[in-house]
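Protein sequence lines, in the order shown, are assigned to chains A and B.
The numbering used here puts the first residue of the first sequence at 200, with every later residue one more than the last.
The numbering used here puts the first residue of the second sequence at 200, with every later residue one more than the last.
In what follows, a single structure is set out as structure tokens and then discussed.
There are 2 protein chains.
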Amino acid sequence: MSDLEMHPTRWGDPARATALPDSARGLVELAFPTGDHTVADDAPVSLPPVRLEPEVLAAFAEVLDADQVLTDDRSRRLRTRGKSTPDLLRARAGDLGDAPDAVLRPADAQQVQAVLEVATRHRVAVVPFGGGTSVTGGLVARREGFAGVVSLDLVRMKRLLATDRVSMTATLEPGLRGPEAEALLGEQGLTLGHYPQSFEYATIGGFAATRSSGQSSAGYGRFDSLVTGLTVATPVGPVSLGHAPASAAGPDLRQLFLGSEGAFGVITSVTVRVRPRPEILVHEAWRWPSFDAGVEAMRVLAQAQLLPTVLRLSDETETALNLADPDSIGGSAAGGSLMITGFEGTPEAVTARRTAVTALFSDLGATLAGDGPGRAWAAGRFDAPYLRDSMLDVGVLVETLETATFWSHLREVYDAVSAALIAALGEPVMVLCHVSHVYETGASLYFTVAASEGDDPLGKWLAAKRAAMEAIVATGATITHHHAVGTDHLPWLESEIGPVGVSVLRAVKASLDPEGILNPGVLVG
Amino acid sequence: MSDLEMHPTRWGDPARATALPDSARGLVELAFPTGDHTVADDAPVSLPPVRLEPEVLAAFAEVLDADQVLTDDRSRRLRTRGKSTPDLLRARAGDLGDAPDAVLRPADAQQVQAVLEVATRHRVAVVPFGGGTSVTGGLVARREGFAGVVSLDLVRMKRLLATDRVSMTATLEPGLRGPEAEALLGEQGLTLGHYPQSFEYATIGGFAATRSSGQSSAGYGRFDSLVTGLTVATPVGPVSLGHAPASAAGPDLRQLFLGSEGAFGVITSVTVRVRPRPEILVHEAWRWPSFDAGVEAMRVLAQAQLLPTVLRLSDETETALNLADPDSIGGSAAGGSLMITGFEGTPEAVTARRTAVTALFSDLGATLAGDGPGRAWAAGRFDAPYLRDSMLDVGVLVETLETATFWSHLREVYDAVSAALIAALGEPVMVLCHVSHVYETGASLYFTVAASEGDDPLGKWLAAKRAAMEAIVATGATITHHHAVGTDHLPWLESEIGPVGVSVLRAVKASLDPEGILNPGVLVG
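What follows is the structure, given as structure tokens:
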């Protein structure tokens, strides 16, 4: 098994689990007097029996290396669902009803192709599995109509297949986790610069299949914008796309597989733009009198094409109570809205951009908050999911959701989603928000919600999520900026792309996957 | 009729036609001693009869404003084919076999939708028509199996539907030509910044449908990268896409309609990113010791993210003999490779970028060639097609073709395409090339070819084009960087996207256009 598998009911590496910091515990108890809370973490679990017939398992074994068809409890349990709070609540409650019947681990694109042929022949649903970090139900396939469900774990496909130092591209296999890809590229002095919160576990294939966006998106771009080419195994055969940085040879079919969430094919390699590893990295923090003032500054910066590498603005509530580390990220006394900026590159490039940003921010009324908060943010940038586990342990329901819209609608969307969440969850509740992905025409909004679990935390959250999604749709924002559709967002996809858009996805799915074996129920209903 | 219709057998406005400059004439006669050449421009023409039944024409008339179903000779002739050299040769020879049976001019998206319903009912092929500037046979629909062919001229759909000054977006109707769109935006101090060579005639809808790229692409981006949203009329209903600058709500379906060349639907509006009109514009010129040295500098600039607004490099041959104005763009005596740079924006932004570029170019061995060549290029930037007509008048076959590839392959593609063209056309021949669209990972190559017409100029060119396309495919470059597929590039599309890619396009087409009435034979075979 992989040395980097996640805990079955928690995020990440148990050794790195965070006990709730005392400061946070105090606040939590003040806001959420939950009293004694039983951690349901070790509820007895029982996996459903393996439903696949032995001859089907044998057919898979025939096309894979020996011992790469796994049906043991641990393997199946670790491939059950993703890491949304509902996923964790179900796992903590011992519900393993969505466990795959088997885990298949192909070594290369040819084996992936062969697995798809066997699965098509035997009508077995195939769930591509990378880091297992989905927070939108992207790993829960519909079972009805299938002989069984297999998790196609790409963990063995971890090669850096090629680098082109002149064109500054690299071709990576899908199973490489963020740190593994950076390590391989780093040996050659290169970086991808893609750091989503899930970075430590999520994979190259997952970044592509879900249109991931990282914390350095202002400087490096979204993952989809880094992709110059990809190869995909589909039930009707492999496809290879990307002959140039840009093309007018019809629709850009790369953009059809990016975001396809395993429903159109299994991404077997991704060619990405890379950059030289930055010579220096600087993080700093600015304090704005209000969230609105900070948002306006982000807009000015984006439209002046003067973005730093990292640009993140917390609203007043997130500034006052940052879940990760309330002391270092600025206590509530200081007030206002905290912004983190990061600059990477050559010393000359960093100085030039930092000077321009500093001048502009000073003009616009911000004050430098020193480099402490920036350093603290950089140090803890991947740790929020550990803290969520600690909060769940003490009976506080914590979850996130995100959207994006155009600048002129940002405040309206922010207000509508906040109000919907507060109304749906009831007191005590905290809704925090930050903006961390900006464009010339608009930006993302990322909400973190904390509420008391109550008797039915799962039902409580699902109702709040529905309310938030309705608010997002009503204000015309996108149903997801970087978390993908999965099964959780599917009810609202038609609001996003219309019935004609849905019928196009169905047509593409039918042409690539005539038996519908690929991640059934995900993306395409 | 529109006041901006083009001449039926030439480019653009007859009043602006260029007599061959004396300097060019001398060179032409030296290289291509064609002797007396009869200009076949006024060959007698005869249009095929209108094949559409009166009741079908009446059905179209019912859904359009009165008098917007045109079947007169002039209207039909002016919508026959596009403006490739083969198109001009056929037009000059009086061949109007591809004339549409009628020209329909809808006033708005609802009328476009209604036309598609009538056309579907009566099995009439519909060719969306914007500026009529296609150079890839994008306006020649297959007739077989249809009751007739109509040209759907979007000339009346010229509104600026909305601007959002905060988000810096504008929503434009598809029939707006480049200068019309810039004029409307200019009234509000805005610009789109999209200036392809066809700018004066081509339309917003055409830019989107063909993935156009303009001469300022280094600063403003390709047209597809400017699009945040679009609405499309399809035979199965309208679709509206684009709720945010970026989204992870599945595949980016905007990218399926961008480049769809009228085969998936008729684009009825496009929402684009706009910018403030630049306060200043500076063009200047640099001389590099060789084309390779200039290409290397472009790569360094792109990978340092220090691009000017315009960046264009002529190879040694184009530098020595620039078709547009050989005197001002640097005579052959000076040698080397000429580069044009353009900087636009605020004075501060222009100064900052220009200073950085100047330092880098000086380091890399370039010498400033003054601002004369830059100014001359800017003044004549849309005139090359007029010169082509003048060359055809004296018996010189002139045509262009383009591709793009990654930096590491650029020289190989350049050599292979040049060699293929020279071998196919035979002496006397001139092959010129420039790079005018650059990315961090690669760049475009734009070839201009001049050869003696011989007895069969059309056949001669088609053979040369085939040879060039084979060279492009063999070297792995894209079959088109910004001219689209049309009918001319269709034989090589499968090399670009594979059989699976072709089957996806077919599936999308079948789902959106079940009767196949939309531009049949274009993009999808």
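Ideal Cβ positions, reconstructed from N, Cα and C, are used throughout, including at glycine.
The model shown is predicted, which means the values in this text are computed figures rather than measured ones.
Which of helix, strand or coil DSSP assigns to residue i
i	result
Gly336/A	coil
Ile479/B	strand
Phe406/B	helix
Leu669/B	At residue 669/B the sequence reads Glu, which differs from the Leu that was named. Here Glu669/B sits in helix by DSSP.
Val227/A	helix
Thr640/B	coil
Ala649/B	strand
Gly541/B	strand
Phe456/B	helix
Arg486/A	strand
Glu372/B	coil
Val365/A	coil
Val348/B	strand
Ile678/B	coil
Phe560/B	helix
Ser446/B	coil
Ile466/B	strand
Thr602/A	strand
Met629/B	strand
Leu325/B	In the sequence as presented, Leu is not what sits at residue 325/B; that position holds Val. Three-state DSSP puts Val325/B in a strand.
Arg341/A	coil
Arg304/B	coil
Ser710/B	helix
Pro525/B	Since pLDDT at Pro525/B reaches only 45, below the 50 mark, its modelled position is unreliable, and the value read off the structure follows with that caveat. Residue state, collapsed to three classes: coil.
Thr566/A	strand
Ser536/B	strand
Ser513/B	strand
Among the options, the one whose alpha carbon lies nearest that of residue i
i	options	result
Val469/B	His442/B, Asp570/B, Phe231/B	His442/B
Val494/A	Pro719/A, Ser536/A, Ala709/A	Ser536/A
Pro373/B	Leu631/B, Leu722/B, Leu360/B, Asp294/B	Leu360/B
Arg322/A	Val723/A, Val721/A, Leu717/A	Leu717/A
Ile729/A	Ala340/A, Arg472/A, Glu639/A	Outside the shown range of chain A (200 to 724) lies residue 729/A, about which nothing can therefore be said.
Ala622/B	Glu669/B, Asp582/B, Pro584/B	Glu669/B
Val262/A	Thr557/A, Val311/A, Ala292/A	Val311/A
Asp363/B	Arg276/B, Gly388/B, Arg376/B, Asp654/B	Gly388/B
Arg580/A	Ala615/A, Ala548/A, Ala551/A, Ser635/A	Ser635/A
Pro284/B	Trp210/B, Met205/B, Val244/B	The displayed chain sequence assigns Thr, not Pro, to residue 284/B. Minimum Cα distance to Thr284/B is reached at Trp210/B.
Ala642/B	Ala548/B, Arg498/B, Asp562/B, Lys664/B	Arg498/B
Lys282/B	Val325/B, Leu600/B, Ser412/B, Arg610/B	Leu600/B
Met367/B	Thr409/B, Leu375/B, Glu379/B, Thr390/B	Thr390/B
Leu609/A	Ala676/A, Val556/A, Leu455/A	Ala676/A
Glu598/B	Val325/B, Asp286/B, Phe560/B	Asp286/B
Chain D residues whose Cβ lies nearer than 7 Å to that of residue i
i	result
Leu360/A	The displayed structure is made up of protein chains A and B, and chain D is not among them.
Contact belief for residue i with residue j at Cβ below 8 Å, rounded distance in angstroms
i	j	result
Pro674/B	Val612/B	Note on residue identity: the sequence assigns Thr, not Pro, to residue 674/B. Their Cβ separation, rounded to whole angstroms, is 5 Å, which keeps Thr674/B and Val612/B in contact under 8 Å.
Thr745/B	Gly336/B	Limits of chain B in this structure are 200 at one end and 724 at the other, which puts residue 745/B out of reach.
Pro444/A	Ala603/B	7 Å
Gly541/B	Leu480/B	7 Å
Arg476/A	Gly385/A	6 Å
Leu429/A	His393/A	Actually they do not touch by this definition, with Cβ atoms about 15 Å apart.
Gly544/A	Glu478/A	7 Å
Ala663/A	Leu620/A	6 Å
Ile696/B	Leu440/A	6 Å
Identify every run of the alpha helix (DSSP H) within the stretch 237-287 of chain A, keeping only runs that are complete inside it and at least 4 residues long; order them along the chain.
-> Complete alpha helix (DSSP H) runs here, min 4: 253-262, 272-277.
Any contact of the stretch 452-462 of chain A with the stretch 488-503 of chain A, i.e. 3+ C-beta pairs under 8 Å?
-> Put simply, the stretch 452-462 of chain A does not touch the stretch 488-503 of chain A. Fewer than three CB pairs are less than 8 Å apart.
Decide yes or no for the touch test of the stretch 398-405 of chain A against the stretch 503-522 of chain A: beta carbon pairs closer than 8 Å, at least 3 of them.
-> Touching, no, given that fewer than three Cβ pairs across the two stretches are closer than 8 Å.
3 or more residues per run - each beta strand (DSSP E) lying fully within the stretch 409-442 of chain A = Complete beta strand (DSSP E) runs here, min 3: 426-433, 436-440.
Can we say the stretch 284-293 of chain A touches the stretch 345-361 of chain A, given the rule of at least three CB pairs closer than 8 Å?
-> In short, these stretches do not touch, since the Cβ pair count stays below three.
Say whether the stretch 618-638 of chain A touches the stretch 583-594 of chain A, bearing in mind that this needs 3 or more beta-carbon pairs closer than 8 Å, one atom from each stretch.
-> No: the two stretches stay apart, fewer than three of their Cβ pairs being nearer than 8 Å.
Taking one C-beta from the stretch 298-305 of chain B and one from the stretch 255-273 of chain B each time, how about it: are there three or more such pairs within less than 8 Å?
-> In short, these stretches touch, since the Cβ pair count reaches three.
Answer yes if the stretch 700-708 of chain B comes into contact with the stretch 708-724 of chain A, meaning at least three C-beta pairs across the two stretches below 8 Å, and no otherwise.
-> Output reads yes: the stretch 700-708 of chain B touches the stretch 708-724 of chain A.
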